[in-house]
Structure formats: C-alpha cells, structure tokens
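What follows is one structure encoded as structure tokens, with my remarks underneath.
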Amino acid sequence: MARLADATPVILPTSIFENFLLDSKQLESKLNEKSRLLILCSPSNPAGSVYPKKLLEEIAKTVAKHPSLLVLSDEIYEHIVYAPATHTSFASLPGLWERTLTVNGFSKASAMTGWRLGYLPGPKHFVAACKKIQSQVKKLTLLHLQSWGRNQNGQLGLGTTEDSLVPLKIQAFQGVSIKLVAAAAEHTAAVTEDGELYGWGWGRYGNLGLGDRNDRLVPEKVSLVNVCDRNDRSY
C-alpha cells in the first residue's frame, strides 16, 4: 500500500529479546527529511506486545524532532491487555494529537468481526482527507472484481471449472462497479452499483435464481435484490 502511494517503506526489525518493541534510538537512526509516516501497533498482533508509556514518550520525543513526520497508531487491541501491562494511546501524549491518526474498530474487543466497522479519530483536516482517499480506493477495488480458489462448479465466474491458485479478474464485470458480493461454497452472487443482481456457479437446486437447475460458469443477470447465500440456498 505504501508503494502504491509512491512511498518507500522502511522496516525497523524487532526481536524477542526486546519483546518485539521498537527502540527509539533505532528509530532515530532511520529517520530523515524524507520521512513522512511512522506506523505503530500497540497492543501488537501477533506478538501481543504492549508499548509501555515510558517508551512511547521516548518515541514521541523522537517524532517531535521531525516536523514532517506523522504517526499512524493501530490500537484495535486496546481492550485486550493483560496485567501488569496497560494501554496508552499515542495521541494522548502531549503535543501528539495534532500529528497522530489512530486506527481502531469493533472487530476485536466487541467481537463484531462480521460488521467490518472501524474508525479513525484524529485532527479534522486529516480525517477529511482520509475519507476522500477511502472513497476512491473503494471504487477502484470494486471495479476489478477478482476470484480464486476451488472452482468445481464454476463458482469463480471465470468461464471454466479449473481451480485458480492466484486472483483472476472476472471478465464479465470488467469496468462494472460491484456493491455487494456473497460467496457460498459452490455458488456466488453479486449486486452492481446499479442494483442489478448476478449469479453463477452451482445451480442444481435453482439456487442461482435463474429459473433452471443448470450451473453457470460466468455471471448471469437475475431479477432478485439483496441476496444472501448459505450452502445450497439463496435468500
């Protein structure tokens, strides 16, 4: 993602001997006038390490020396912390609110993974800019629907029944913006931004909604809306 934005990612290695925590001196050695964004993750996944407040304060002092440097702080595990560790939000440190974007959500602590809900607190002008980028990224992604994996009944929509080990574009949707995709084990459905519904894959029980029991190797338009797939049925 960094490279897509014409950025050059710089990886700062950590080790088990430092509890997989970033060293502020090591950070300082990697920063220069071209540095723009520091990404932190605390509590971290998968190591589970939690940055103590003292170490975050040291990192904050380093950040303060570089006026062009912003911080992206991933804190989605903030409520999954075990004593004696405690969570400190980087943006709560003096002078850091204006330079920090905090990534959080409801998937972990609230067990709401299926809702795909996240949020990004930060300075108003940064959040407004992020909303514009998110909108464009979403549109670009949906314009290139891809599929891969098992394809016994044509559920990948690629025109064959051959499995695919890599993502391949579904040519039937080339240049079409997709609003919703529901993929069951053997068949798939998608709704376009224009409200058109398509089904493909296994159709033995009429689960594609196309008026017959035939399989479809490529997406075919049907007349239903708001589809939800599960096993051999569509709703």
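Numbering follows the UniProt record's numbering, in which position 232 of the sequence shown is assigned residue number 232; successive positions increment by one, without gaps.
Don't be surprised by glycine CBs; every beta carbon is placed ideally from N, CA and C.
Because the structure is a prediction, the values reported are computed rather than measured.
Practice problem: Kindly identify the DSSP beta-bridge partner or partners of Ile39. | Solution: In the DSSP assignment, Ile39 is bridged to Leu72.
Practice problem: Can you tell me which of Val181, Ser147, Trp115, Asn32 puts its alpha carbon nearest to the alpha carbon of Leu165? | Solution: With distances taken between CA atoms, Leu165 lies nearest to Ser147 out of Val181, Ser147, Trp115, Asn32.
Quiz prompt | For Ser89, three-class secondary structure by DSSP | solution = In this structure, Ser89 counts as coil in the three-state DSSP scheme.
Self-check item: Close-in-space but distant-in-sequence residues of the same chain around Leu69 (CB under 8 Å, 5 per side omitted)
Solution: Excluding positions up to five away in sequence, the list reads Leu31, Ser35, Arg36, Leu37, Leu38, Val63, Arg99.
Quiz prompt | Euclidean distance between Cα positions of Gly203 and Lys179 | solution = So the two alpha carbons sit approximately 23 Å from each other.
Quiz item: Using the C-alpha atoms, what's the distance from Pro52 back to Thr88?
Solution: Distance from the CA atom of Thr88 to the CA atom of Pro52, rounded to whole angstroms, is 7 Å.
Quiz item: Is it a yes or a no for the stretch 102 to 109 touching the stretch 67 to 83, going by three-plus beta-carbon pairs under 8 Å?
Solution: With a cut-off of 8 Å, the stretch 67 to 83 and the stretch 102 to 109 count as touching, because enough Cβ pairs lie within range.
Quiz item: Shortest alpha-carbon distance to Leu22 belongs to which of Ala5, Cys41, Leu72?
Solution: Looking from the CA of Leu22, the closest CA among Ala5, Cys41, Leu72 belongs to Cys41.
Practice problem: Check whether the Cβ of Thr160 sits closer than 7 Å to any heavy atom of the ligand SAH, and report yes or no. | Solution: As for the ligand SAH, it is missing from this structure, which has no ligand bound.
Quiz item: For the alpha helix (DSSP H) that Ile80 lies in, which residues bound it at each end?
Solution: For Ile80, no alpha helix (DSSP H) segment is defined, and its DSSP state is neither H nor E.
Quiz item: Nearest to Leu208 by alpha carbon, out of Asn153, Gly195, Ala172?
Solution: Ranking the options by Cα distance to Leu208, first place goes to Asn153.
Quiz item: Start and end of the alpha helix (DSSP H) containing Lys65?
Solution: Counting along the chain, no alpha helix (DSSP H) covers Lys65, and no H or E run does either.
Quiz prompt | Member of Leu101, Pro219, Leu12, Lys54 whose CA lies at the smallest distance from the CA of Ala85 | solution = A check of alpha carbon separations from Ala85 across Leu101, Pro219, Leu12, Lys54 identifies Lys54 as the nearest.
Quiz item: Which residues does DSSP pair with residue 236 in a beta bridge?
Solution: Any property of residue 236 remains undetermined from this structure, which presents the chain solely from 1 to 235.
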